[in-house]
Amino acid sequence: MAGDPTVSLQLTRQNDRLKEALITLKESRDALEEDTTHRIKVLEKEVAQAADVKEQFRLTRERLSVAEETIEELRAALEDAAGAEDMVEELTEKNLQLNEKMDEMQRYLDDLEALKELNEELEENHILTERELSAELETREQEVQKLVAAVTKNEEALADYERTIQQFRELVKSLTRELEEMREKAGAEASPGADGIQQQSQEMLALNLKLQSHAMKVQAKTIDLELETLEANQAKEHVALLQAYLPDSFFVSEQDPIQSLLMIRRLEFKAHVLIKQTASATDALTNGPTTTNNRESLPGAGESLPKMELQHAFEWLRGSCRALAAHMETCTPEQFLAMGKIHQDLSGAEKRLDAFLDVLKQEGELRPSAVLPDLGRVNHQLDYLLTSSTQAGGANALPTCTPYVLRQAQLVSLQGIDNLMTRAGVTVTTMVAVPVFDGLIDPLTTNMNSTRAAVRKLARMLRENQGGPVASDSLMGLLGNAQLAVAYLKDLREHLTTANAEHDELDLPTVVANATLKHFDRTESLPLSQLVDLIKRTSTDAALLESATAQRALAAGDSVRNEPSVMPPWALRSDQLKRERPANVEMEKRVADLTDRLTAAVTQLRVKEEEVRELVVKCQLLESRQYQRETLALQQHTAQQVDELQRTIDTQRSELVNLNRA
2 MAGDPTVSLQ
12 LTRQNDRLKE
22 ALITLKESRD
32 ALEEDTTHRI
42 KVLEKEVAQA
52 ADVKEQFRLT
62 RERLSVAEET
72 IEELRAALED
82 AAGAEDMVEE
92 LTEKNLQLNE
102 KMDEMQRYLD
112 DLEALKELNE
122 ELEENHILTE
132 RELSAELETR
142 EQEVQKLVAA
152 VTKNEEALAD
162 YERTIQQFRE
172 LVKSLTRELE
182 EMREKAGAEA
192 SPGADGIQQQ
202 SQEMLALNLK
212 LQSHAMKVQA
222 KTIDLELETL
232 EANQAKEHVA
242 LLQAYLPDSF
252 FVSEQDPIQS
262 LLMIRRLEFK
272 AHVLIKQTAS
282 ATDALTNGPT
292 TTNNRESLPG
302 AGESLPKMEL
312 QHAFEWLRGS
322 CRALAAHMET
332 CTPEQFLAMG
342 KIHQDLSGAE
352 KRLDAFLDVL
362 KQEGELRPSA
372 VLPDLGRVNH
382 QLDYLLTSST
392 QAGGANALPT
402 CTPYVLRQAQ
412 LVSLQGIDNL
422 MTRAGVTVTT
432 MVAVPVFDGL
442 IDPLTTNMNS
452 TRAAVRKLAR
462 MLRENQGGPV
472 ASDSLMGLLG
482 NAQLAVAYLK
492 DLREHLTTAN
502 AEHDELDLPT
512 VVANATLKHF
522 DRTESLPLSQ
532 LVDLIKRTST
542 DAALLESATA
552 QRALAAGDSV
562 RNEPSVMPPW
572 ALRSDQLKRE
582 RPANVEMEKR
592 VADLTDRLTA
602 AVTQLRVKEE
612 EVRELVVKCQ
622 LLESRQYQRE
632 TLALQQHTAQ
642 QVDELQRTID
652 TQRSELVNLN
662 RA
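Start counting the sequence shown at 2; every next residue gets the next number (our numbering).
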């Protein structure tokens, strides 16, 4: 059987069938394994997604719990607002009515805006009237200042007259008693002295008549003083009444420049008073040329030099104030308003001058050592204000001021040069006994007098407007040379005065050399050669400047003298405002009436707006409740989705468990 081919063939066939079945089984197993692997991967992804879904489910549960709490609150609120729909309908109707009223109020508001424009026009007219009143107020203030100054002067004169009258009355009483006694003695006995008594009686009668005449004059001046006091008080009351009609805008913009101008004029007047009081001590030294024959020696003229310096400082102050006032009187309205800021800057200067006047009243004179430092600071401040306001004080004058103002500023410099040369000449003559000045006094004084003469001619031509303003750079050069010469001579004189007071021997060459090096910044071969050259150069430059100005004046003839008049800035502002629109009193009354009506309408409009806001709040409340109801429905829908998602998750879990079992 083993070798039977039939059996072998069957076995072979059976083996082949088994192989085919094995192959088929293997293929089915591979397919099943591949399908199972794919399902496992899909289930793994679903498991991962199930974790996310579980987290979402947890969050949804939390939101659901919050929503349930909110639903309970909304149910309670809904029970309270059962009649909200009726309220909405009622509020809707009321809102429509309010819209109609709002349209009506809008039309009324348009009418009020038109009235407001009319009110603005009338307010402009009121401003024009205000400007006119401010100009009149300024004029009255100037009159008040003049009257106050006159009253002060008259009060001082009245006090002096009263003291004089009292003294004369006491003298008359005393002489009358003596006369009665002498008459009694004369009646008792006849003696040759009766003629003398009669003569004394006649003198007493004549003196009594003079006293009566003087008393009548004093009485007349007292009456005039009382009338001027009344006029001043009336002017003050007039100004106070006018100020009541001015709005606050005047005191914000217009008052400061006016106060600044008045303060500058007060400073000029007070400086003039101080000059008159200090001029008596220096008149003898100032008037006339400076020579060695008409000046005192060191103890005489030297003691007057500080007083002379004080007087010259006051003259510089007066000239600076005059130039600054001229600028304010001829500048543009814009520049005039900008000058209002100097009122605060100059308040300290006025206080210093008032202090000087108080010292002069109490002590009768001013001490230069105590006054000059403060006065120097005041002059420096005024020079800075003049330069910054007009640019007329510097070498490069800009056309920001009129030629008249430029001439006034240059007159200050010319007066300063004249005063400096005067002090320099007096200082030189006080040192006539110093050996180092041998042979130099006369040349120096001659050149100084020549400089003064040329400068005075220049000043006269400027005052008469002949030849126009001089070259500013040349003028500043002359002023600088004069200041340098005075400082140099003052330094030398102080050394000499100190040596004489201490009775010490003085090394004059060394002192002169040190002073020259200090002021001229160089050495000199001969003593005082730098000073001599400086004075000679200054005299030559002054003569050349005077000659050039005289030639220009001769060439121009009378064409330059006729300078056009310039209206003050406050007048320009007033005219400009007058041309814009005339004032109308009736329109102002109508504006007042319309303003009252506008105020009432605005108040009513605000009440309506408040009602509208209340309705808006109620509508918003209803909208919020409607939103809460929609939120509740959304939460219910979300809960259903969560339930469906939970069922899906449970199904996937069961499938996953079955798959794991398989």
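Ideal Cβ positions, reconstructed from N, Cα and C, are used throughout, including at glycine.
Owing to the predicted nature of the structure, the values given are computational and were not obtained by experimental measurement.
Item: Proximity below 8 Å, CB of T539 to CB of T446; Value: no
Item: Cβ neighbours of L546 in the same chain (closer than 8 Å, five flanking residues each side left out); Value: A455, L459, V471, A472, S475, L476, L479
Item: Residue burial classification, K174 (beta-carbon count within 10 angstroms, cutoff 16); Value: exposed
Item: Alpha-carbon spacing of E612 relative to S625, whole angstroms; Value: 20 Å
Item: Nearest-angstrom Cα separation, counted from R178 out to V274; Value: 43 Å
Item: Residue closest to N380, alpha-carbon to alpha-carbon, out of R368, A356, A350; Value: A350
Item: Contact under 8 Å by Cβ, L677 with T279; Value: Within the shown structure, residues of the chain are numbered from 2 to 663, placing residue 677 beyond reach of any answer.
Item: L509 and P436 closer than 8 Å at C-beta; Value: yes
Item: Distance between R424 and I536 (C-alpha atoms, nearest Å); Value: 13 Å
Item: Any 3 or more C-beta pairs closer than 8 Å across the stretch 480–496 and the stretch 514–526; Value: yes
Item: Alpha helix (DSSP H) segments (min. 4 residues) lying fully within the stretch 484–558; Value: 509–521, 530–557
Item: Simplified DSSP assignment, three categories, for N482; Value: helix
Item: Nearest-angstrom Cα separation, counted from L228 out to C332; Value: 37 Å
Item: Inter-residue Cα distance where the pair is L60 and R654; Value: 20 Å
Item: Alpha carbon of L113 to alpha carbon of R598, nearest angstrom; Value: 9 Å
Item: CB contact flag (R141, A236, <8 Å); Value: yes
Item: Reduced DSSP category for P6 - H, G, I as helix; E, B as strand; rest coil; Value: helix
Item: Range covered by the alpha helix (DSSP H) that runs through V406; Value: 404–431
Item: C-alpha distance - R607 paired with Q629, whole-angstrom precision; Value: 33 Å
Item: CA-to-CA distance, F438 to M449, given in whole angstroms; Value: 15 Å
Item: CA-to-CA distance, L226 to L148, given in whole angstroms; Value: 10 Å
Item: Collapsed DSSP secondary structure at T13 in the structure displayed; Value: helix
Item: Closest by C-alpha distance to Q647, when choosing among E34, T7, Q57; Value: Q57
Item: Between the CA atoms of L99 and R614 - distance to the nearest angstrom; Value: 11 Å
Item: Residue burial classification, A32 (beta-carbon count within 10 angstroms, cutoff 16); Value: exposed
Item: Exposure of S389, with buried meaning 16 or more beta-carbon neighbours within 10 Å; Value: exposed
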